[in-house]
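Number of protein chains: 2
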Amino acid sequence: MDYDSLFSADTASFMRSPVREIFKRVDLSKIYSFAGGYPSPDAFDLEGVKQSALQVIDRYGSKALQYNATQGIPELRQALSERYGVPLERVQVTTSSQQGIDVCTRVMVDPGDVVLTSNPSYLGALQSFRSYRAHIVGVPHSNDDGEFRARYEQAIDQCKRQGRKVKFLYMIPDFQNPSGETLPLSQRRLLVELAREHGFVIVEDSPYRELRYRGHDVPTIYSLDPDCVLHLGSFSKILAPGLRLGWILGNPQLLDQIYVCKQSLDLCAPVLDQYIATQFVTSGRLDANIEKIKGLYSRRCQGMQELLARYMPQGVTWTRPDGGLFLFLTMPQGFDAVKFYDRALDNGVAYVAGSFFHPDGSGLNTMRLNFSFMDLERIDKGLQLLARLIGEELDALGLRCDAGQ
Amino acid sequence: MDYDSLFSADTASFMRSPVREIFKRVDLSKIYSFAGGYPSPDAFDLEGVKQSALQVIDRYGSKALQYNATQGIPELRQALSERYGVPLERVQVTTSSQQGIDVCTRVMVDPGDVVLTSNPSYLGALQSFRSYRAHIVGVPHSNDDGEFRARYEQAIDQCKRQGRKVKFLYMIPDFQNPSGETLPLSQRRLLVELAREHGFVIVEDSPYRELRYRGHDVPTIYSLDPDCVLHLGSFSKILAPGLRLGWILGNPQLLDQIYVCKQSLDLCAPVLDQYIATQFVTSGRLDANIEKIKGLYSRRCQGMQELLARYMPQGVTWTRPDGGLFLFLTMPQGFDAVKFYDRALDNGVAYVAGSFFHPDGSGLNTMRLNFSFMDLERIDKGLQLLARLIGEELDALGLRCDAGQ
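Protein chains in written order, with the numbering used here: chain R, 1 to 405; chain L, 1001 to 1405.
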């Protein structure tokens, strides 16, 4: 049978996740993996999930296993509404925040429509945008507010000249994936101004926000203008990714389209999982778990910085995140992290090449490193190995800055 | 903000589920509901789910809460592979079989492409097809094999003349939703012949197959030709819909596109739920539960037939299913089940109007009645009420056949 003639036009733009492909190739437990965005196995409150499962089945009985509302079970929506100080009609539960990204794209993007992103940006989001044949425009960051605004304005103007409609801007303002960096308040305000001025929505993806290890919270973009922002939240990094639960906060008119779309996507999010998550939120277990996780990851984040400084060859630089799960490594120009990847994996260490996060395919000399999954001992050994391999590669390429080392 | 200008072209074809809208309007426990496809609250093995949750968390620890493979956790795929006698590489786990329908449509259908269905067919599938702007062609059933084949051939020829490509045929061969009827083997064979001849796929949706109350199993369409059929299965009716778990069996080349698509939809299906479901399959609990459910629903199905015969006015007919959750009621021509609906609901009884299941909007004089959700006592009272209201409506319309009653 000729299947190829049956596939939709969208499929030609489907992109395999290099992260998920890595996990098909190797057993994570047998290598040093800086690759995934996996929480630490120690980050899960196993006993709490167990107790919560028992409690919700005893308390809700068959309701815990039955179909429920497409918007999410009322109990969880109420809990999220209270936790984040948002009216109930502005809360939609999603089956993972990846679904949040997907459904936002689905209800807004026609082929050729523009999605603005930072450059680099989250791979899974780029995958989703591509799968709907969005025209993705990645805008490089600038620390200078004037330059920052100018870059976005330039990108928007260019799209307009091409007759393309900007549908939304996708942003992870807190401890960005992959860079680990946080957008200052002034730049969040600028983005809202631009959205208002040019009539597009901001999709604020915020899975790491509650994992801050130092410094102070910056207001969410959503809080600056709840009617031009769809705010995506997730239980994956603060409770457990295995529950596949996230949420969208936003204007009811936008959420209504998302709600109707979600009916045909999966009817409703996993119900038992929603009750378990509700139990976590309302019992205080979630806050306790977040505190535990912050302690754990904070040490790994700090330790990683120190180990990078100790092991990495000169000329290699990295970001210094205040939270989240990732930092971003930059090698000298000429280094190719995609090509280098097989050598690293053969030697037992994995990362994600930075170019996969760049919509324009740039950033060949960069890589994303995760610091949440492994303990510090393994981070230490893994980084020693990775640094040695990078050094050898730089030597082979004649790119080493510190010839004396 | 002008949101309307931001919505994708697909959204204009989104269709609200009348079933889900009913559930927004009324409290199910306060009315006689023949509307949903809800399992009976008594159909859930609450103790089994509780024990399984404990066991899998104890046994798998953090793995039960972590991310896992997009194809599904290996343990569940293995269990499904063995249960249904299908090679492992032909098993893809989905986050509900509604997702199975959605993802099959997404990887195959461009706007204007044809999806063939029976007429009537499952509402949630029609919603999904419409949301991708498929050209849905509903083919009325015939018990005569020659006529059955002729109708499908005629539909296919007409699509070809219109320059439209038939991408797949969607079929619920066992205890169909909404009719409750089962496709005989000869007609399953005919469909496979047509698919081969005209180069399209058959999406065989099979959520009720294991709930047979009398007669003998008919081979699945998948078993007749595993390379031209995508077989969708579900735990919703045999274990619990709240787990949101289904599966697709099919040719690995087709599954590969679905796998890549699913990466950007939600990364993976709920993991704890997958472990719980695995535990159910491998421990024998699932088979025990199916036996229990069959006993329960079989009595309701049979009882419903008897009560319909007792209460319904002459001129009202219904299907006699051998399994599943539904039967289909036909009133005399001229009866409008959509218009009648408000009156029924105001009087405390709910159903789904049959026209919603007809892609061409026909079937105004039909309704779908569910017999799994309520116990026989409530079915009795609800049917008495419904029959009285239908009788009054027939009187008002001058459509009653049995004037003497």
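Each residue gets a CB set at the ideal place from its N, CA and C atoms; glycine is no exception.
Everything numeric in this text was worked out from a predicted model, so none of it was measured.
Checklist entry - Quick one: is L/S1179 buried, meaning 16 or more other Cβ sit within 10 Å of its Cβ, or exposed? => result On the second sequence, residue 1179 of chain L is found 179 positions in, with the first residue counted as 1. By the 10 Å Cβ count, L/S1179 comes out buried.
Next on the checklist: I believe L/I1238 touches L/E1210 by the beta-carbon criterion, under 8 Å. Please report the beta-carbon distance rounded to the nearest angstrom.
Outcome noted: Residue 1238 of chain L sits at position 238 when you count from the first residue of the second sequence. Residue 1210 of chain L sits at position 210 when you count from the first residue of the second sequence. The Cβ separation is near 5 Å, so the contact holds.
Checklist entry - Which of helix, strand or coil does DSSP assign to L/A1396? => result Here residue 1396 of chain L refers to the residue found at position 396 of the second sequence. Of the three classes helix, strand and coil, the one that applies to L/A1396 here is helix, per DSSP.
Checklist entry - Do R/V137 and R/R151 have their CB atoms nearer than 8 Å? => result Here residue 137 of chain R is taken as the residue at index 137 of the first sequence, counted from 1. Here residue 151 of chain R is taken as the residue at index 151 of the first sequence, counted from 1. No, they are not a contact pair.
Checklist entry - Do R/C268 and L/S1131 have their CB atoms nearer than 8 Å? => result Here residue 268 of chain R refers to the residue found at position 268 of the first sequence. Here residue 1131 of chain L refers to the residue found at position 131 of the second sequence. No, the Cβ-Cβ distance between R/C268 and L/S1131 is not below 8 Å.
Checklist entry - So is the beta-carbon of R/D145 under 7 Å away from any non-hydrogen atom of the ligand ATP? => result Ligands in the displayed structure: none, and consequently the ligand ATP is not present.
Checklist entry - Grouping DSSP H, G and I as helix and E and B as strand, with all else coil, what is R/Q405? => result Within the first sequence, numbered from 1, the residue matching residue 405 of chain R stands at position 405. Any reading at R/Q405 must be qualified, since the residue scores a pLDDT of 43, below 50, and its modelled position is unreliable; the value itself is stated next. Residue state, collapsed to three classes: coil.
Checklist entry - Using a Cβ cut-off of 9 Å, which residues of the region 228-256 of chain R contact any Cβ in chain L, in chain order? => result C228, S236, L239, A240, P241, G242, L243, R244, L245, N251, Q253, L254
Next on the checklist: For L/C1401, count the other beta carbons within 10 Å of its own beta carbon; 16 or more makes it buried, fewer makes it exposed. Which is it?
Outcome noted: Indexing the second sequence from 1 puts residue 1401 of chain L at position 401. It is exposed - the Cβ of L/C1401 has fewer than 16 other Cβ atoms within 10 Å.
Next on the checklist: For a contact defined as C-beta to C-beta under 7 Å, what are the partners of R/T278 on chain L?
Outcome noted: On the first sequence, position 278 is the one that residue 278 of chain R refers to. Under the 7 Å cutoff, chain L gives no residues; its nearest Cβ is about 13 Å from R/T278.
Next on the checklist: Does the structure place the region 309-317 of chain R close enough to the region 145-164 of chain R that three or more beta carbon pairs sit under 8 Å?
Outcome noted: no
Checklist entry - How many Å lie between L/F1007 and R/V109 at the Cα? => result Indexing the second sequence from 1 puts residue 1007 of chain L at position 7. Indexing the first sequence from 1 puts residue 109 of chain R at position 109. Near 7 Å, if we compare the C-alpha coordinates of R/V109 and L/F1007.
Checklist entry - Contact between the region 1074-1094 of chain L and the region 69-88 of chain R: three or more CB pairs below 8 Å? => result no
Item to check | Opening and closing residue of the beta strand (DSSP E) in which L/Y1084 lies | outcome: Taking the first residue of the second sequence as 1, we reach residue 1084 of chain L at position 84. Note, L/Y1084: premise wrong, no beta strand (DSSP E); alpha helix (DSSP H) at 1074-1084.
Checklist entry - Is the region 115-132 of chain R touching the region 274-282 of chain R, taking contact as three or more C-beta pairs under 8 Å? => result no
Checklist entry - Can you list, in chain order, the stretches of the beta strand (DSSP E) that have 3 or more residues and sit fully within the region 1149-1213 of chain L? => result 1166-1171, 1201-1205
Checklist entry - What distance in whole Å lies between the Cβ atoms of L/L1399 and L/P1321, which are believed to be in contact at a cut-off of 8 Å? => result The sequence position of residue 1321 of chain L within the second sequence is 321, counting from 1. The sequence position of residue 1399 of chain L within the second sequence is 399, counting from 1. Not quite, the Cβ-Cβ distance comes to about 26 Å (not below 8 Å), so this is no contact.
Item to check | Identified DSSP bridge partners for L/E1353 | outcome: Reading the second sequence from its first residue, position 353 is the one you call residue 1353 of chain L. At residue 1353 of chain L the sequence reads Ala, which differs from the Glu that was named. BP columns for L/A1353 point to L/M1367.
Item to check | C-beta neighbour in chain L for R/T95, strict 8 Å | outcome: To locate residue 95 of chain R, count along the first sequence from 1; it is residue 95. R/T95 counts as touching chain L.
Checklist entry - Under the DSSP definition of a beta bridge, which residues are partnered with L/P1140? => result For this step, residue 1140 of chain L is matched to residue 140 along the second sequence. In the DSSP output, where bridge partners are listed per residue, L/P1140 has L/N1119.
Checklist entry - Looking only at C-alpha atoms, which of L/A1155, L/S1186, L/Y1122 sits nearest to L/D1145? => result By 1-based counting over the second sequence, the position of residue 1145 of chain L is 145. Of the candidates L/A1155, L/S1186, L/Y1122, the one whose C-alpha sits nearest the C-alpha of L/D1145 is L/S1186.
Item to check | Under the three-state DSSP convention, the category L/L1239 falls into | outcome: Numbered from its first residue, the second sequence carries residue 1239 of chain L at position 239. If DSSP states are grouped into helix, strand and coil, L/L1239 belongs with coil.
Item to check | Anticipated Cβ contact below 8 Å, L/Y1122 with L/D1058, distance rounded | outcome: Working through the second sequence from its first residue, we reach residue 1122 of chain L at position 122. Working through the second sequence from its first residue, we reach residue 1058 of chain L at position 58. That belief does not hold up - the Cβ atoms of L/Y1122 and L/D1058 are roughly 39 Å apart, past 8 Å.
Next on the checklist: Between the alpha carbons of L/D1010 and R/S362, how many angstroms are there, rounded?
Outcome noted: Taking the second sequence and counting its residues from 1, one reaches residue 1010 of chain L at position 10. Taking the first sequence and counting its residues from 1, one reaches residue 362 of chain R at position 362. Their backbone Cα atoms lie some 32 Å apart in a straight line.
Checklist entry - Can you find a CB in chain L that lies within less than 8 Å of the CB of R/D145? => result Taking the first sequence and counting its residues from 1, the one referred to as residue 145 of chain R is at position 145. No, R/D145 does not count as interfacial toward chain L.
Next on the checklist: Our contact map puts R/L325 next to R/N370 with C-beta atoms below 8 Å; I'd like the distance itself, whole angstroms only.
Outcome noted: In the first sequence, the residue the question calls residue 325 of chain R occupies position 325. In the first sequence, the residue the question calls residue 370 of chain R occupies position 370. The pair is a contact, with the Cβ atoms about 6 Å apart (cut-off 8 Å).
Item to check | Any chain R beta carbon closer than 8 Å to L/L1385 | outcome: Numbered from 1 along the second sequence, position 385 holds the residue referred to as residue 1385 of chain L. No, its Cβ sits nowhere closer than 8 Å to a Cβ of chain R.
Next on the checklist: So if DSSP puts L/Y1032 in a beta bridge, which residue, or which two residues, is it bridged to?
Outcome noted: If you number the second sequence from 1, residue 1032 of chain L lands on position 32. For L/Y1032, which the question treats as bridged, DSSP gives the partners L/V1349.
Checklist entry - Do R/F373 and R/S33 have their CB atoms nearer than 8 Å? => result Here the question's residue 373 of chain R lines up with position 373 in the first sequence. Here the question's residue 33 of chain R lines up with position 33 in the first sequence. Cβ distance < 8 Å, so R/F373 and R/S33 count as in contact.
Next on the checklist: Quick check: what's the CA-CA separation for R/Y213 versus R/P270?
Outcome noted: Sequence index remark: in the first sequence, residue 213 of chain R carries index 213 (1-based). Sequence index remark: in the first sequence, residue 270 of chain R carries index 270 (1-based). Going from the Cα of R/Y213 to the Cα of R/P270 covers about 31 Å.
Checklist entry - So R/F328 is in the beta strand (DSSP E); what residue range does that whole segment cover? => result If you number the first sequence from 1, residue 328 of chain R lands on position 328. That run of the beta strand (DSSP E) goes 326-330.
Item to check | Contacts around R/Q405, its chain only, beta-carbon distance under 8 Å, and the 5 residues preceding and following it disregarded | outcome: What you label residue 405 of chain R is simply residue 405 of the first sequence in a count that begins at 1. Any reading at R/Q405 needs caution, since the residue's pLDDT is 43, under 50, leaving its predicted position unreliable; the model's value is listed next. The residues are P313, Q314, G391.
Item to check | Whole-angstrom C-beta distance between R/G199 and L/S1264, which should lie under 8 Å | outcome: Within the second sequence, numbered from 1, the residue matching residue 1264 of chain L stands at position 264. Within the first sequence, numbered from 1, the residue matching residue 199 of chain R stands at position 199. Their Cβ separation, rounded to whole angstroms, is 26 Å, which puts L/S1264 and R/G199 out of contact at 8 Å.
Item to check | Pairwise C-alpha distance: R/K30 and R/R343 | outcome: The residue you call residue 343 of chain R lines up with position 343 of the first sequence. The residue you call residue 30 of chain R lines up with position 30 of the first sequence. Going by the C-alpha atoms only, they are around 16 Å apart.
Checklist entry - L/F1007 touches chain R at which residues, Cβ-Cβ below 8 Å? => result Within the second sequence, numbered from 1, the residue matching residue 1007 of chain L stands at position 7. The contacting residues are V107, M108, Q257.
Checklist entry - Do R/L232 and R/G100 have their C-beta atoms within less than 8 Å of each other? => result Walking along the first sequence from the start, residue 232 of chain R turns up at place 232. Walking along the first sequence from the start, residue 100 of chain R turns up at place 100. Yes; because the gap between Cβ atoms is below 8 Å, this pair is in contact.
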